[in-house]
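Protein chains in written order, with my numbering: chain A, 1 to 334; chain B, 335 to 583; chain C, 584 to 873.
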């Protein structure tokens, strides 16, 4: 008697498929729960945590933003090995705006985000026409070079960096600001990618010749995706500058490039929820592993490789599959 | 006909390294014509199509569309002017449903421009277009993922994607290849309907019998050059053409 | 001083070429971008050091074993990991990047940094050429570089394996129909690339000391040279190596050592604007990807 594994939708998934979900609270809850969960957790958690863990949550949100930015790029066919470029650009621009021009965080941060996004997009425009690997190479190389340039020419504070920033009025504003932005982008980007516009972006990733053949200027679309992603990355950098009240060479550190990739790969590439989930796993994990210092990155690296080879769909997709479907053994029909 | 030709190809050349893929090709195409482009494998037919739609840059020569030169324009720009093509190697977005595959052409700025900004619900238009090319609506074929469809349907999907752009000139690259006789017979009425709508069509084909029944004129290529240009039965009588296909003694 | 600068510029160029050539070979020939390249460089250096100093083996034996082991390791990376993600550019890049990262940070963690961690020079001697002191090691770098580049050219153009390499670079499917086992060739090319990294390390490290950070530097430089020269083009690597090598050295002598990285960065950006696929990028037609 031979058996095979069969995967079927759960009953409740079938019942909550369409308008019929409105018939029952249970079905509505089934649909709403996965979406409400992150919202509730993120919004209610802060007051319950100690100051130390609040900082971790903050860091988590910032890295989640970087991961989402990375995921947006990868869904559009661009693999960024240098999220640090966007992060650092935003960090420095925000620091400069504050340090040299005395602008308050409320002005400096949006300014740095959009300006940083614009600069990074313009710098990377020539590479958009080339094969994807050039994009990855250039995004890897530029932040590493910028670090050395800053170190050598000692501009913008050189090795000491810029200090003397204006902090946020209160730590609650700080925390809830980044959480709100995260939640808005998480759901906003999801909506965007599910729309026809997102379909075009995903099409560019899959088969750009086909999209060009439809009379669509793929470079313009890629530039748009790049701008959105780099602005988000720049925002996270600009934000952090006003949390740590410091902007210096470490903002271009490899950490900021690697953790978003690891988070997206572990959490679930191709989905923003997955990227956030990945960040939510890796950031607290790396805090717990703080004791082992540099070995952290070794872990990220190993995680990365293991997941991309063994579980490429990531945790989020796996969990979602389990949520919606179940598996059972059935006899093979004759 | 003494109107300006819709498409004029003048002294078009393309060489890849040492290979002359297309060598001084000249022809005119008038509105409403169905031109068959035939020739043995490697004669440069697909390269010619690529040159016209600018997926490949010409080494020399000009292409005039409605009187204006287009050989330096980027491919998406050429599509927007009204030239649509299908590809020989059909590659849809396999994970997406067939009708979702249509969304991308329907998102094109050309479509928006022609419809005056409001084309209506893209999903509905996609389903209508697919029905026109033979996706049976009651069997919900259009909802199936493209990866699950047989070649005949994929070819029709490719055609539908080109039609969605509402082109004036359609270039169909080996649309009939890989299809059974019945499937080809099914597609001919669709092409006839396009002609009735006033579209100009270039068909690159190997299936000569089916092509000759619908083509007004035939252009024969061999080793990158055009060796014949005329009505189907005249062209097939020519020795040069017979030699090209069958080889000479 | 001018002559001295030129001499050092030539040597610098060869250093860059040697760093880039392994990466370029692997990518240009099998389309695998091995971002673990810098890590392999450092790995082989540490390997030689361990064999030399802890196991007290003779120099030539140590470096030979180290080079072979590194090549083997490269091949292993391909077989165990890259094979499973072949064709998905995203996964290839991430996987090799992750491996490289892990290796370098591991070394960093174990703190194997310091002046005692270095490899000995071949010949401890200095020559005076055109009135400038040039140590023998640097001359050896230039010599080895020249030999390597020419033998690689001969290899890829005149031997069947070399031609097979170029075959799968151009069109993998066609190559398969010719009976060229593309996976085996790809394994070979990753191994070869790794081996070249090891050779480069053996020759260049004696000028300084081994440091994990060097791994990142090597990767950056290899990438810079490949971007400017054009991925996959051996000619491009040579020309780009000389362009950057000379630019760096002259900037260092006449303007200031701080500016060398800026020059490299500017060069990259300029190339990207003017001829993005690199000076010799053959991929220009292919970049339209029909």
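Idealized CB from N, CA, C, for every residue including glycine.
In this text, all values refer to a predicted model and were calculated from it rather than measured experimentally.
Taking 8 angstroms as the cut-off, decide whether the C-beta atoms of residue 499 of chain B and residue 444 of chain B are in contact.
yes
Check residue 572 of chain B in the structure and name its three-state DSSP category.
coil
Return the chain-ordered list of same chain residues with a C-beta closer than 6 angstroms to the C-beta of residue 335 of chain A, the five sequence neighbours on each side being excluded.
Residue 335 of chain A lies beyond the range of chain A shown here (1 to 334); nothing can be said about it.
According to DSSP, is residue 609 of chain C part of a helix, a strand, or is it coil?
helix
With 8 angstroms as the threshold, decide whether the Cβ of residue 413 of chain B is near any Cβ in chain A.
yes
Note down, in chain order, each residue of its chain lying with its Cβ closer than 7 angstroms to the Cβ of residue 494 of chain B, except the 5 sequence neighbours on either side.
436, 463, 464, 467
Close Cβ partners of residue 338 of chain B (< 8 angstroms) along its chain, the five nearest in sequence each way excluded:
400, 401
Please name the residue, chosen from C/853, C/808, C/843, that lies closest to residue 604 of chain C on a Cα-to-Cα basis.
C/808
Kindly list, in the order they appear in chain C, the residues whose Cβ is closer than 7 angstroms to that of residue 148 of chain A.
844
Whole-angstrom C-beta distance between residue 849 of chain C and residue 831 of chain C, which should lie under 8 angstroms
Contact doesn't hold; Cβ gap of about 12 angstroms is too wide.
Consult DSSP for residue 365 of chain B and reduce its assignment to one of helix, strand or coil.
coil
Backbone secondary structure at residue 537 of chain B - three-state DSSP:
strand
Separation of residue 789 of chain C from residue 252 of chain A, as counted between CA atoms
30 angstroms
In whole angstroms, give me the CA-to-CA distance for residue 448 of chain B and residue 221 of chain A.
21 angstroms
Using a Cβ-Cβ cut-off of less than 7 angstroms, give me the residues of the region 223 to 251 of chain A that come near chain C, in sequence order.
none
Buried or exposed (CB count within 10 angstroms, at least 16 for buried), residue 242 of chain A:
buried
Counting only C-beta atoms, is residue 9 of chain A closer than 8 angstroms to chain B at any point?
no
Three CB pairs or more closer than 8 angstroms across the region 378 to 398 of chain B and the region 157 to 171 of chain A
no
State the DSSP-derived secondary structure class of residue 639 of chain C, mapped to helix, strand or coil.
coil
Would you check if the region 81 to 95 of chain A and the region 228 to 240 of chain A touch, i.e. whether three or more CB-CB distances between them fall below 8 angstroms?
yes
Give the range of the alpha helix (DSSP H) segment to which residue 18 of chain A is assigned.
Where residue 18 of chain A is concerned, there is no enclosing alpha helix (DSSP H), given that its DSSP letter is neither H nor E.
Compare the beta carbon distance of residue 785 of chain C and residue 646 of chain C with 8 angstroms and say whether it is the shorter of the two.
yes
Can you name, in chain order, every residue of its own chain whose Cβ lies under 6 angstroms from the Cβ of residue 71 of chain A, other than the five neighbours on each side?
264, 272, 275
For residue 565 of chain B, three-class secondary structure by DSSP
coil
DSSP three-state label for residue 560 of chain B, please.
strand
Distance between residue 126 of chain A and residue 871 of chain C (C-alpha atoms, nearest Å):
Reliability fails at residue 871 of chain C, whose pLDDT of 39 lies under 50, so the model's placement of it is uncertain and the value that follows must be treated cautiously. In a straight line, the C-alpha of residue 871 of chain C is about 14 angstroms away from that of residue 126 of chain A.
Please identify, using Cβ separations under 7 angstroms, the residues of the region 177 to 206 of chain A that lie next to chain B, in order along the chain.
196, 199, 200, 203, 206
Given a threshold of 16 other Cβ atoms within 10 Å of its Cβ, counted over all protein chains shown, does residue 405 of chain B qualify as buried or as exposed?
buried
What does DSSP give as the partner residue(s) for residue 356 of chain B in the beta ladder?
B/348
Am I right that residue 618 of chain C and residue 683 of chain C are in contact with their C-beta atoms under 8 angstroms? What's the rounded C-beta distance?
5 angstroms
Enclosing alpha helix (DSSP H) for residue 301 of chain A [first to last residue]
295 to 310
State yes or no: is the C-beta of residue 239 of chain A within less than 8 angstroms of the C-beta of residue 178 of chain A?
yes
Any idea if residue 533 of chain B is buried or exposed, counting beta-carbon neighbours within 10 angstroms, 16 or more meaning buried?
buried
Quick check: what's the CA-CA separation for residue 297 of chain A versus residue 137 of chain A?
20 angstroms
Residues in the region 66 to 94 of chain A with C-beta within 7 angstroms of chain C's C-beta atoms, listed in sequence order?
74, 79, 81
Can you tell me which of C/598, C/610, C/594, C/591 puts its alpha carbon nearest to the alpha carbon of residue 817 of chain C?
C/610
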